[in-house]
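Enquirer: Have a look at the structure that comes next, please.
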Amino acid sequence: MNKGDKKLYIPSDIERKWQEKWEENKIYQPDMKSSPKPYYNLHMFPYPSAEGLHVGNVYAFTGADIHGRFKRMQGYDVFQPFGLDGFGIHSENYALKIGSHPMEQAGKSENRFYDQVKSLGSGYDWSHTLETYDPDYYRWTQWIFIELFKAGLAYRANVKVNWCPSCKTVLADEQVIDGQCERCGSTVEKKDLEQWMFRITEYAEQLLEGLNRIDWTEKVKVAQHNWIGKSEGARVIFRVVDSSTDLSVFTTRPDTLYGATFMVVSPEHPVVERWMDNPGVREYIGKASLKDERERQENKDKSGVFSGAYAINPINNQQIPIWIADYVLMSYGTGAIMAVPAHDQRDYDFAREHELPMIQVVDGEGADLSKEAYTGEGKLINSGEWNGLKVPQEKSKAIQDLKAKGSGEGFVNYHLRDWLISRQRYWGPPIPMIYCQHCADEGKSWFDTDDAKEQKILFSHFRKTKEDVAGWYPDENLPVKLPVIDDYKPLGTGNSPLGNHPEFYEATCPACGGKAQRETDVSDTFLDSAWYFYRYISTDNSAHPWGKELADKWLPPTIYTGGAEHSVLHLLYARFVTKVFKDLGLISSFDEPFPRFFAHGLIIKDGAKMSKSKGNVVVPDNYIKKLGSDTLRTYLMFLGPFNMGGDFRDSGIEGMNRFLKRVWTILTAQTLVSTPLDHTANSEMHQTVKGVTEDIEEFRYNTAIAKIMTYYNYLSRKDEVSRIEAKVLLQLLAPFAPHLTEELWHELGFEESIHISSWPEYDNALIERGVVVIAVQVNGKLRGTFELSAPKASQEEVEKIAHEDQGVQSHLQGKTIHKVIYVPGKILNFVVS
RNA sequence: GCCCAGGUGGUGAAAUGGUAGACACGCUGGUUUUAGGAACCAGUGCCGUUAAAAGCUUGGAGGUUCGAGUCCUCUCCUGGGCACCA
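Each residue of the first sequence is one higher than the one before, starting from 867 at the first, in this note's numbering.
Below is the structure:
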């Protein structure tokens, strides 16, 4: 290369070219069957927004791609797939909005999205793509539903669902924000509907325990921990006076039972029905049900009504009144509580409001019941034989006594609820179940069939579900295809649009052969995304969702990267499904899907989250066209640590483009020499390799890039750059700027791709510098520095030189030196007075 | 209220307890260019100064240490999540 044949860096000239070459040469396609060092580099697959690729997507994909490229150069057989999470309410709404059929729209979005992603130049294996709306994919989603059903983990229940009166549809919990519809802002109502549920609560303990064994971003683990929300306490049974009914409550403080002066049940509690005609009850229930979710959450006032009934406190046989109040939620615990106003602030407030008695049973420091409830620790008083117990430490004594009396037991309650899987929507995988009224009338279900008895089912283990599925049979002729219908708009009747299509729902009962009906709901799209990473490894397998042999080799994914916004839902569902697979024997070697998960940060724009409504969404296309994908990628990674995200600014991206141009120039505009490196050059190079290697390993891409820049700055000041220096510079930069480095790599004369070349090694021995700078401090303040050409010099020698320094001298003058601290090769501190 | 994550120049940010501000952006001056842009060179925490020196500086207050952005205690502020969870 001579100055004469200088060529300019024009990204559009090289990026497409290399992308095609890479695909042609299959450099990102490991041999799934025989790769000796499998490394499954997974990142969260996106929802293919019709607006196209978002710069936040680019950030997430690039961060994962850099990791993959780095591992590939380190000799791993990196499998990095890409796919689309295309089913769901977002896509459907968009289709509705623009008046195009979701299925048609999916095809368009798919093409556009794949094109855009390809223009990023990431190292994906494009022969293993998947889309959740592809029948070849969702047939297995349906298969999984059936597997869960057979295990007794899918059941039907009447539940309160979120209902948006304006959009006339059911919403998922995650689509309700502060009690309002995320799209139109209407206040969400509750509606009773019979729905399919997954018994995720059966796995609450396992899901909690597993968190201890996985290497995840800490805050995500904490979020899951809180979501599962384990609390340990007791279940206590209260007899209702003059009735054969019992009221069971959950409490974390059974030790304060002597202080229970009344009970409170939720207005939705079934027991309330029998008190409806007592004074004020019907009126209160009516008022409470008028309050919407939001009011109930926001108004923390303590309204309530006396039910007219009394209960017996099992520990002292005292009669206490039963109240009905909406501060007790039907959805947590048993929907009824024992109120201990002296030691629970909410009960305290309620007692004050309604002039109910209060008995202090815990005596501790700072207790002042005239002001507030005392919730701290202390000794029991007014508690009969429990007096003197240290609580809450010794609360197990209370549980023991309750158990002995037969009026309670230790109990663990979880915040986690079962997973509501039904959606009355069109754009999702149909739930593959068939319902037979005839069988239902006879109380029969699939669990009574010979089929069921033949299959080794776990039903007995998960008991209590059978009655919830009477009349239901799985349809194993998969896929149950989603038909193309024109009236796919949500009905708002609690029925899916498929419910208007007899040609879809009419079926034959697999058991009695009579007329039966297909389920017309589709499943939650979180089910699609709970297992997609299993499918990637064998997208063309038509006999099994993933294939045992490949699963043993490639699963679980070596690393998973994605946004922390999926901390709870997606990541929890995937863990649940995996644990079920393990219990069903579908997988054998692991029970956690993501042994390592790294949560990346969020890209914001001018200090604010990007959103369509704010009009500050950055679309990457133009940047790629104008400056190239390499510039955009490297710029995004330079913004800050990958786990922190960053603020997108136009001015910064130009700067990154200039840096890449300079790299281009230094390697094309001068002749590379092949003379051996001197001591300094070696030290600089090995130091850089070490630093960059360690930074990439830890996802500190920003400092890795800074170190590459520093190295470039060093090279640019040298009279001549050697071939080995150029080679290393390109290799270190290759994961960030794959096209530019590939082009220059070939200019250097290499035949094979830089991306499958071996990552440079470093030698610690060569890093040591010949000259070090020693900082001299007096009483901890910097007073001078000097160069030391013998880094191993003794303290005396160093002190001697330090004394010669003018600045140091002036601060030592007239002072007594008490102590000298020397950190070899770094710092010398005189302690004087 | 509870739980996370953060507070460092004009900006994004760096710093195994050891020279705070690496690396960039921006800005200033210069070279080059018909001009603009680009490229290259020099400078750039604050205060001060012709230039230095001295002084100040990691939200605030204490503490440990020869030495603290970093460790400890208290406190203020910002962002995010959960929230009448019994």
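Just so it is clear, CB atoms sit at the ideal spot from N, CA and C, and this is done for glycine as well. Being a predicted model, the structure only gives us computed values, none of them experimental.
With DSSP as the reference, please indicate the residues paired to His1091 in a beta bridge.
Expert: His1091 pairs with nothing; no bridge assigned.
Enquirer: Taking only runs that begin and end inside the region 1427–1455, name each unbroken alpha helix (DSSP H) of 4 or more residues, in chain order.
Expert: Runs of the alpha helix (DSSP H) inside the region 1427–1455: 1435–1449.
Enquirer: Buried or exposed for Gln815, please, with buried defined as at least 16 other CB atoms from any protein chain shown within 10 angstroms of its CB.
Expert: Nothing about residue 815 can be read from this structure; the chain reaches only from 867 to 1699.
Enquirer: Quick test of the definition: if touching needs 3 or more C-beta pairs under 8 Å, does the region 1341–1349 touch the region 1002–1011?
Expert: Taking 8 Å as the limit for Cβ pairs, the verdict is that the region 1002–1011 does touch the region 1341–1349.
Enquirer: Quick check on this structure: which residue in Arg1212, Asn1182, Asp931, Ser900 has the alpha carbon closest to the alpha carbon of Phe1565?
Expert: Selected option, being the one with the closest Cα: Asp931.
Enquirer: Could I get the ranges of all uninterrupted alpha helix (DSSP H) runs contained in the region 893–956, with 4 residues as the minimum, in chain order?
Expert: Entirely contained in the region 893–956, the alpha helix (DSSP H) runs reaching 4 residues are, in chain order, 921–939.
Enquirer: Inspect the CB distances between the region 898–913 and the region 1427–1443 and report whether three or more fall short of 8 Å.
Expert: The region 898–913 vs the region 1427–1443: in contact.
Enquirer: With distances taken Cα to Cα, identify the nearest neighbour of Gln1646 among Tyr1628, Gly1337, Val1689.
Expert: The identity of residue 1646 in the sequence shown is Gly, whereas the question assumes Gln. If we check each option's Cα against that of Gly1646, Val1689 comes out closest.
Enquirer: Does the region 1014–1022 come close enough to the region 1350–1369 to have 3 or more Cβ pairs within less than 8 Å?
Expert: Segments in contact, no.
Enquirer: For Ile1633 and His1552, which I take to be in contact (beta-carbon distance under 8 Å), what is that distance rounded to the nearest angstrom?
Expert: Between His1552 and Ile1633 the Cβ distance is about 5 Å, and since that is below 8 Å, they are a contact.
Enquirer: On a CA-only basis, which of Glu1415, Arg1524, Thr1500 is nearest Ala926? Give me that one, please.
Expert: Nearest of Glu1415, Arg1524, Thr1500 to Ala926, Cα basis: Thr1500.
Enquirer: Once the 5 residues before and after Ser1455 are set aside, which same chain residues still bring their CB inside 7 Å of it?
Expert: Contacts found: Asp1418.
Enquirer: So the beta strand (DSSP E) Phe1602 belongs to, where does it begin and stop?
Expert: Counting along the chain, Phe1602 falls outside any beta strand (DSSP E), and DSSP gives it neither H nor E.
Enquirer: Of the choices Ser975, Pro1604, Thr1497, Arg1441, whose alpha-carbon is the least far from that of Tyr1069?
Expert: It is Arg1441 whose Cα lies nearest to the Cα of Tyr1069.
Enquirer: Tell me the DSSP bridge mates of His1466?
Expert: Partner(s): Gly1429.
Enquirer: On the CB-based measure, 16 or more other CB atoms within 10 Å of its CB, does His1545 come out buried or exposed?
Expert: So His1545 ends up on the exposed side.
Enquirer: What residue range is occupied by the uninterrupted alpha helix (DSSP H) comprising Gln971?
Expert: Here the alpha helix (DSSP H) through Gln971 covers 968–984.
Enquirer: Helix, strand or coil, according to DSSP, for Pro1136 in the structure here?
Expert: DSSP places Pro1136 in helix when its eight states are reduced to three.
Enquirer: For Glu889 and Pro1340, what's the separation of their Cα atoms in angstroms?
Expert: Computed Cα separation, rounded: 42 Å.
Enquirer: To the nearest angstrom, how far is it from the Cα of Glu1613 to the Cα of Gly987?
Expert: Cα to Cα, Glu1613 sits roughly 20 Å from Gly987.
Enquirer: Go to His1340, then tell me how far its beta strand (DSSP E) extends in each direction, as first and last residue.
Expert: Note that residue 1340 is Pro in the sequence shown, not His. Taken as a continuous stretch (DSSP letters only), the beta strand (DSSP E) holding Pro1340 covers 1338–1340.
Enquirer: Mind checking Gln1679: buried by the 16 CB within 10 Å criterion, or exposed?
Expert: By the neighbour-count rule (16 or more Cβ atoms within 10 Å), Gln1679 is not buried but exposed.
Enquirer: With three or more C-beta pairs closer than 8 Å as the rule, is the region 1136–1156 touching the region 1064–1079?
Expert: Taking 8 Å as the limit for Cβ pairs, the verdict is that the region 1136–1156 does not touch the region 1064–1079.
Enquirer: Closer than 6 Å by C-beta to Gly922: which residues in its own chain qualify, once you throw out the five before and the five after it? Chain order, please.
Expert: Answer for Gly922: Ile1469, listed in chain order.
Enquirer: Does Asp1211 pass the burial test, meaning 16 or more other C-beta atoms within 10 Å, or should it be called exposed?
Expert: It is worth fixing the name first, because residue 1211 is Gln in this sequence and not Asp. By the 10 Å Cβ count, Gln1211 comes out exposed.
Enquirer: Could you give the residue range of the beta strand (DSSP E) that holds Phe1508?
Expert: Unbroken run through Phe1508: none, as it is neither H nor E.
Enquirer: What does DSSP give as the partner residues of Ser878 in its beta bridges?
Expert: According to DSSP, which records beta bridges pairwise, Ser878 is partnered with nothing at all.
Enquirer: Taking the alpha carbon of Asp1352 as the reference point, which residue from Lys1057, Leu962, Lys1556 has its own alpha carbon closest?
Expert: It is Leu962.
Enquirer: Out of Gly1511, Glu1243, Val1674, which has the shortest C-alpha to C-alpha gap to Val1698?
Expert: Nearest of Gly1511, Glu1243, Val1674 to Val1698, Cα basis: Val1674.
Enquirer: Label Arg1065 either buried or exposed according to how many other C-beta atoms from any shown protein chain fall within 10 Å of its C-beta, with 16 as the threshold for buried.
Expert: It is buried - the Cβ of Arg1065 has at least 16 other Cβ atoms within 10 Å.
Enquirer: Per DSSP, what are the beta-bridge partners of Cys1047 in this structure?
Expert: Bridge partners of Cys1047: Val1042.
Enquirer: May I ask you to check if the CB of Lys1593 is nearer than 7 Å to at least one heavy atom of the ligand ZN?
Expert: Because no ligand of any kind appears in the structure shown, any question about the ligand ZN cannot be addressed here.
Enquirer: For Lys1593 and His967, what's the separation of their Cα atoms in angstroms?
Expert: Between Lys1593 and His967, the C-alpha separation is close to 52 Å.
Enquirer: In the DSSP assignment, what residue or residues form a beta bridge with Arg1528?
Expert: According to DSSP, which records beta bridges pairwise, Arg1528 is partnered with nothing at all.
Enquirer: Lys892: which of Leu1505, Val944, Gly1451 sits nearest, CA to CA?
Expert: Of the candidates Leu1505, Val944, Gly1451, the one whose C-alpha sits nearest the C-alpha of Lys892 is Val944.
Enquirer: Give me whichever residues DSSP pairs with Arg1101 in a beta bridge.
Expert: Bridge partners of Arg1101: Phe1116, Glu1275.
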